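Note sheet for the following structure.
Number of protein chains: 2
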Amino acid sequence: MADARQKPNRQLRADAQRSEDAVLEAARTVFAASGVDAPVREIAARAGVGMGTLYRRFPKRADLVAAVFRREVDACAAAAPALAAEYAPGQALARWLQRYAEFIATKTGLSAALHSGDPAFDTLPAYFRASFEPALAMLLDAAASAGEIRRDIAPYDLLRAIGNLSVADQAHTRRMVDLIVDGLRFGAAE
Amino acid sequence: MADARQKPNRQLRADAQRSEDAVLEAARTVFAASGVDAPVREIAARAGVGMGTLYRRFPKRADLVAAVFRREVDACAAAAPALAAEYAPGQALARWLQRYAEFIATKTGLSAALHSGDPAFDTLPAYFRASFEPALAMLLDAAASAGEIRRDIAPYDLLRAIGNLSVADQAHTRRMVDLIVDGLRFGAAE
DNA sequence: TGCTAAACGGAGCAATGCTCCGTATATGCG
DNA sequence: CGCATATACGGAGCATTGCTCCGTTTAGCA
Numbered sequence: 019m020a021d022a023r024q025k026p027n028r029q030l031r032a033d034a035q036r037s038e039d040a041v042l043e044a045a046r047t048v049f050a051a052s053g054v055d056a057p058v059r060e061i062a063a064r065a066g067v068g069m070g071t072l073y074r075r076f077p078k079r080a081d082l083v084a085a086v087f088r089r090e091v092d093a094c095a096a097a098a099p100a101l102a103a104e105y106a107p108g109q110a111l112a113r114w115l116q117r118y119a120e121f122i123a124t125k126t127g128l129s130a131a132l133h134s135g136d137p138a139f140d141t142l143p144a145y146f147r148a149s150f151e152p153a154l155a156m157l158l159d160a161a162a163s164a165g166e167i168r169r170d171i172a173p174y175d176l177l178r179a180i181g182n183l184s185v186a187d188q189a190h191t192r193r194m195v196d197l198i199v200d201g202l203r204f205g206a207a208e
Numbered sequence: 019m020a021d022a023r024q025k026p027n028r029q030l031r032a033d034a035q036r037s038e039d040a041v042l043e044a045a046r047t048v049f050a051a052s053g054v055d056a057p058v059r060e061i062a063a064r065a066g067v068g069m070g071t072l073y074r075r076f077p078k079r080a081d082l083v084a085a086v087f088r089r090e091v092d093a094c095a096a097a098a099p100a101l102a103a104e105y106a107p108g109q110a111l112a113r114w115l116q117r118y119a120e121f122i123a124t125k126t127g128l129s130a131a132l133h134s135g136d137p138a139f140d141t142l143p144a145y146f147r148a149s150f151e152p153a154l155a156m157l158l159d160a161a162a163s164a165g166e167i168r169r170d171i172a173p174y175d176l177l178r179a180i181g182n183l184s185v186a187d188q189a190h191t192r193r194m195v196d197l198i199v200d201g202l203r204f205g206a207a208e
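Protein chains in written order, with the working numbering: chain A, 19 to 208; chain B, 19 to 208.
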């Protein structure tokens, strides 16, 4: 899962696959406990692998962070159909949004990493959206069809409203400030 | 300025005062170039002081970051009366907001530090507000009196709109999600 | 000028990121 | 099953960095 795009059909040796799983699981735990800057040695020790093994699979810390992130996105997105099968549409939606809010809450410090400019994170926003938007759309659609909620809600808007992972470059900020100043002036001439 | 609250009337020796200024100036430069995680050695070297000197004055990195932050807040706030003296009210306001936007832009990565929970940062938000709110209020008032802008703008709202340094605890997030879900349901029964 | 408290500075230790390479083993083949 | 070999493993070791400790220097004062 880490760099599967490089060799799409690569055949990981069995022990290598076990190591990768162990590392991802250990990293998830350690990141949650100590943040994404936790010592690599600690992750390797918890996973029961050597430093070499960890660095071979995830050459940069960002690679590991990104892999763990994808894993948690997958888990959260997968909760949507599960909840939809178990609960009434409105209930399923409410529970999933809480689940999603929990996911966002565990990402403290990660939004900073997202904006670090590391190329390993480049695909994450798209992955995030591609995973969550259909999941939420399904829940919203079901709830709307059941007459429990309105229909005029864009899934992505809702995702953003709960967890704002937005960025803003300098030029954008400048234009926004200009806009606000213009806005201030507008009402003055009455 | 660093820990002046501990000994309000302390008399710093002349060389100590020079060292502190040199460190703050060097830290400002290095932080801007390499972020707030830059090596302490680099700051000490640029300031022309030893490690001991730096650590004696700023025992924790957060102390140094906070001191640099206050210094830059002071500089930005001080620009308000200067601009007000040089330009027409509307111009002064627009220019200061751009200046403020630049200040915010240099704080990349610092918002993460702000939320790190380090007690050295506890007083910074209040300092931020206490410095900028009166400065902006003066500019807004002058521009409004000149008929160049509306009067119904709260200075703090404007500050927040440009640089959102907001935080949100878990309970708050939870209540917000509940509110949004309620909001979704509200329009369904028509 | 001489004394002393204050300040200085950098060697050195511990923690951590990351590499390198000798060792171990999973897998395919005869 | 036994062997050959590519694949994977593991941790010693080096470089960097945070932080401390203490011998040396100096500013302020009489």
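We put the CB at the ideal spot given by N, CA and C, even for glycine. Given the structure is predicted, the values throughout are model-derived calculations rather than measurements.
Could you tell me the alpha carbon to alpha carbon distance between residue i and residue j, rounded to whole angstroms?
i, j, result
"B:D140", "A:A155", "41 Å"
"A:Y118", "B:G70", "47 Å"
"A:A50", "B:P99", "47 Å"
"B:S149", "A:I122", "33 Å"
"A:S37", "A:A80", "18 Å"
"A:D33", "A:V67", "11 Å"
"B:R88", "B:A44", "15 Å"
"B:L177", "B:V91", "13 Å"
"A:P125", "A:Y145", "Here residue 125 of chain A turns out to be Lys, not Pro, going by the sequence shown. So the alpha carbons of these two residues sit roughly 15 Å apart."
"A:R64", "A:A93", "22 Å"
"B:A103", "B:V86", "27 Å"
"B:R113", "A:P77", "46 Å"
"B:R169", "A:Y105", "51 Å"
"A:V48", "A:L42", "10 Å"
"B:Q35", "B:A172", "39 Å"
"A:S52", "B:G135", "14 Å"
"A:H133", "B:H133", "16 Å"
"A:Q109", "A:E60", "40 Å"
"A:L101", "B:L101", "58 Å"
Ignore the nearest five residues each way along the sequence and tell me which others in residue i's own chain have a CB closer than 7 Å to its CB.
i, result
"A:A84", "A138, F139, L142"
"B:D175", "none"
"A:A95", "S149, F150, A153"
"B:A97", "W114, R117"
According to DSSP, is residue i part of a helix, a strand, or is it coil?
i, result
"B:S149", "helix"
"A:L142", "helix"
"A:I180", "helix"
"B:D33", "helix"
"B:Y73", "helix"
"A:P107", "helix"
"B:E38", "helix"
"A:P57", "coil"
"A:I122", "helix"
"A:D159", "helix"
"A:D92", "helix"
"B:P48", "For the record, residue 48 of chain B in the displayed sequence is Val; it is not Pro. Helix, per DSSP."
"A:R168", "coil"
"A:D81", "helix"
"A:V86", "helix"
"A:D136", "coil"
Report yes if the CB atom of residue i is closer than 7 Å to the CB atom of residue j, and no otherwise.
i, j, result
"B:L72", "B:A62", "yes"
"B:L82", "B:L111", "no"
"A:A7", "A:P107", "Examination of residue 7 of chain A is not possible in this model, given that chain A is present from 19 through 208 alone."
"A:I167", "A:A161", "yes"
"A:A131", "A:V58", "no"
Smallest Cα separation from residue i: which of the options?
i, options, result
"B:R46", "B:L128, B:L101, B:Q109", "B:L128"
"B:L30", "B:R75, B:V58, B:R59", "B:R75"
"A:I180", "A:G135, A:Y105, A:Q35, A:E120", "A:E120"
In chain order, what residues of the same chain have a beta carbon less than 8 Å from the beta carbon of residue i, not counting five sequence neighbours either side?
i, result
"B:R147", "Y174, L177"
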